[in-house]
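Take a look at the structure below.
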Amino acid sequence: MWWPLVLLYFTLGVILVYSYVQWTRRKMYAMLATMSNPKSLPVIGHAHKFFNVTLADTLQYFGSFPSPVCIHMGPLPHVAIFDPESVQVVLNSPDCLQKMHQYSFFWVPRTLLCAPVHMWKGQRKALNPAFSSAIIGKIVPVFNKKCEKLMHILDQYVGKQQKDCTVDILKCTLDQIYETSFECEFNMQLSPDGEKTLDIFENFMKLASERICTIWKYPDLIYQWTKAYKKQLSCIDTYYDTILEKVARHIDIDKRINEVNEADNSTKKHNFIHCLSKYLRSQGPIPREDVLAHFCLIVFAGNESTAKTVSTAMLMLAMHPEIQERCYQEINTVCPGENQYISAGDAANLTYLEMVIKETLRLLPVVPVLGRTATSDVKLNDRHTIPANTGIVIGTFQIHRDPKIWGPNAERFDPDNFLPENVAKRHPYSFIPFSAGPRNCLGVRYAWYSMKILLAYIVRQYRLSTTLKLDQVKVAYGVLLALKDGYPVSLEKRK
1 MWWPLVLLYF
11 TLGVILVYSY
21 VQWTRRKMYA
31 MLATMSNPKS
41 LPVIGHAHKF
51 FNVTLADTLQ
61 YFGSFPSPVC
71 IHMGPLPHVA
81 IFDPESVQVV
91 LNSPDCLQKM
101 HQYSFFWVPR
111 TLLCAPVHMW
121 KGQRKALNPA
131 FSSAIIGKIV
141 PVFNKKCEKL
151 MHILDQYVGK
161 QQKDCTVDIL
171 KCTLDQIYET
181 SFECEFNMQL
191 SPDGEKTLDI
201 FENFMKLASE
211 RICTIWKYPD
221 LIYQWTKAYK
231 KQLSCIDTYY
241 DTILEKVARH
251 IDIDKRINEV
261 NEADNSTKKH
271 NFIHCLSKYL
281 RSQGPIPRED
291 VLAHFCLIVF
301 AGNESTAKTV
311 STAMLMLAMH
321 PEIQERCYQE
331 INTVCPGENQ
341 YISAGDAANL
351 TYLEMVIKET
361 LRLLPVVPVL
371 GRTATSDVKL
381 NDRHTIPANT
391 GIVIGTFQIH
401 RDPKIWGPNA
411 ERFDPDNFLP
421 ENVAKRHPYS
431 FIPFSAGPRN
441 CLGVRYAWYS
451 MKILLAYIVR
461 QYRLSTTLKL
471 DQVKVAYGVL
481 LALKDGYPVS
491 LEKRK
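Per the UniProt record's numbering, the very first residue in the sequence shown carries number 1; after that it's consecutive.
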């Protein structure tokens, strides 16, 4: 029989391939051996730790080991870091500017989120002016206008049962983005397109999250045959073909790209759509889907994190009435009157409200984990070096709750954590809700003004309460952090 011979050759082949891989990776394995190495399973490594659990639970498990921690997703090693010193090294290293491969699962490959470093540098330089202080000052009136509309919508919930207002807030921030970034007044708060956009984003992100936590779906050759791929494709096609094409036609993007005035230096002409048009023109002919991908990213990135943070802050204030009252007193002092316009200067002076938002982002960061790839060996300290071509996972959620950094009450909601004297005692990379270093969030200034003005309007108009307690809050599964039981609050109109 020839079967024993085939089996022998097959076994020898497997041994040879395994030996070759081990030999070529010997330097990498030696570096990883100096790190914490939790017990793993053959073939799948630590992939089972991601099954049917929340991302918070997974981070808590790996964060229980001394940082850095070696994580094996199948044959692919990753390094997870949970200490601010290592985070500072990674986020500022020119060899860690590349995003992890998993970012490609969001289907915007040539945008700021996950573009190769050489492409990202050009995009960042081109789009930076769109988020300058001068531009933010010009768009604050739009924030106010959309917030006033939201107040009329929220009035219908006054005196009724607890309500999760997240969808209404998401539509408000969506409205802000379309007008401030694209000069489109689509009235998303009342339009069916607003609801449609949110449904598309929710379904798409759920599928992307599942893929990130399911290692066999990583290879595109396999994933493109799954039902999940077809659903993701349907989501993106629907959004591109309906909402974003409507935006493109409204602003006549093709004409803008071809006729953008390079010599025009007025403030108005440095908004997002102008800067993007100028950049796209410099790239020569560019596929239509790439143009729409840039649109998609700015809408999603600017909408989800801002609205979810405001919803979470509302819930935190509802749980802590004494903190809510202090916010209300500050808002009344800085910008008194139920309907008074909140200027950029007013927003900057709402220092306690900012501390509340920061504490919200500390305890429940919308982006609980960051990912980079080391393109060369990166020395963290005298003991540990991250090998080249290794994925790096930064556990923001775990760092933000580390008792060694935040003290024995790290799980408690306390805005005083961000008093200047307390901030000065901590490592600057102990708090990284918008990432940090050269490849941090481009729209962080936009987000801060949007969140502060929106939350100020809400607290000024309504007294918030809830039956939910902080120790009852459960984190939902996903790449973006959400709450399993939503954000239920009761609204009472302030006298």
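Built from N, CA and C at the ideal position, the CB exists for glycine as well.
- Where Thr390 is concerned, the enclosing beta strand (DSSP E) starts and stops at 390-394.
- Taking a contact as a CB-CB distance under 8 Å, the pair Lys171 and Met188 counts as one, their CB atoms being some 5 Å apart.
- Between Phe201 and Tyr446 a beta carbon distance of about 18 Å is seen, past the 8 Å cut, so the two are scored as non-contacting.
- Gly371 sits in a strand when the DSSP states are folded into three classes.
- Comparing alpha carbon positions, the residue from Val53, Tyr352, Asp377 closest to Glu330 is Tyr352.
- A straight line joining the alpha-carbon of Pro75 with that of Met31 spans about 16 Å.
- Distances from the alpha-carbon of Leu483 to those of Pro4, Gln98, Asp164, Pro66 put Asp164 closest.
- Within the DSSP bridge table, the entry for Arg463 names Glu492 as partners.
- Between Leu113 and Ala293, the alpha-carbon positions lie close to 10 Å from each other.
- Between Arg383 and Thr166, the CB-CB gap reaches or exceeds 7 Å.
- The region 295-339 contains, as complete alpha helix (DSSP H) runs of 4+ residues, the segments 321-334 (chain order).
- Secondary structure at Lys99: strand, using DSSP grouped into helix, strand and coil.
- Contact between Cys296 and Leu244 holds, with the beta-carbon distance rounding to 6 Å and staying under 8 Å.
- Here Leu480 carries a coil assignment [DSSP, helix/strand/coil].
- Cβ-Cβ distances below 6 Å link Ile386 to Val79, Ala374, Val378 in the same chain, with the five nearest sequence neighbours on each side left out; the list follows chain order.
- In the displayed model, Asp252 falls within coil according to three-state DSSP, outside both helix and strand.
- Assignment of Pro77 by DSSP, reduced to helix, strand and coil, places it in the strand class.
- When DSSP states are grouped into helix, strand and coil, Ser36 belongs to the strand group.
- For Ser86, the uninterrupted alpha helix (DSSP H) run begins and ends at 84-92, by DSSP.
- Excluding the 5 residues flanking it on each side, Ile215 has same chain C-beta neighbours closer than 6 Å at Ala47, Met73, Gly74, in chain order.
- Ranked by how close their Cα comes to the Cα of Leu419, the residues His274, Val356, Arg401 have Val356 in first place.
- DSSP, read as helix, strand or coil, puts Val158 in strand.
- Annotation for Ile44: Gly74, Ile215 place their beta carbon closer than 7 Å to its own, counting only its chain and skipping 5 residues before and after.
- If you look at Asp220, you'll find it in the alpha helix (DSSP H) that goes 220-223.
- When C-beta atoms of the region 449-465 are compared with those of the region 304-319, three or more pairs fall below 8 Å, so the two segments count as touching.
- Relative to Val53, the option among Gln162, Gly478, Ile342, Val90 whose CA is nearest is Gly478.
- Of the residues Phe272, Ala318, Ser282, the one whose Cα lies closest to the Cα of Gly302 is Phe272.
- Looking at the backbone, the Cα of Val475 and that of Phe397 are separated by about 11 Å.
- The bridge partners DSSP lists for Ser435 are Pro433.
- Three or more Cβ pairs closer than 8 Å define a contact, and the region 92-99 falls short of that threshold against the region 54-66.
- The DSSP-derived three-state label of His72 is strand.
- Every unbroken stretch of the alpha helix (DSSP H) spanning 4 or more residues and falling wholly within the region 162-195 is given here in chain order: 166-182.
- Contact annotation: Leu207 and Gln232 have beta-carbon atoms nearer than 7 Å.
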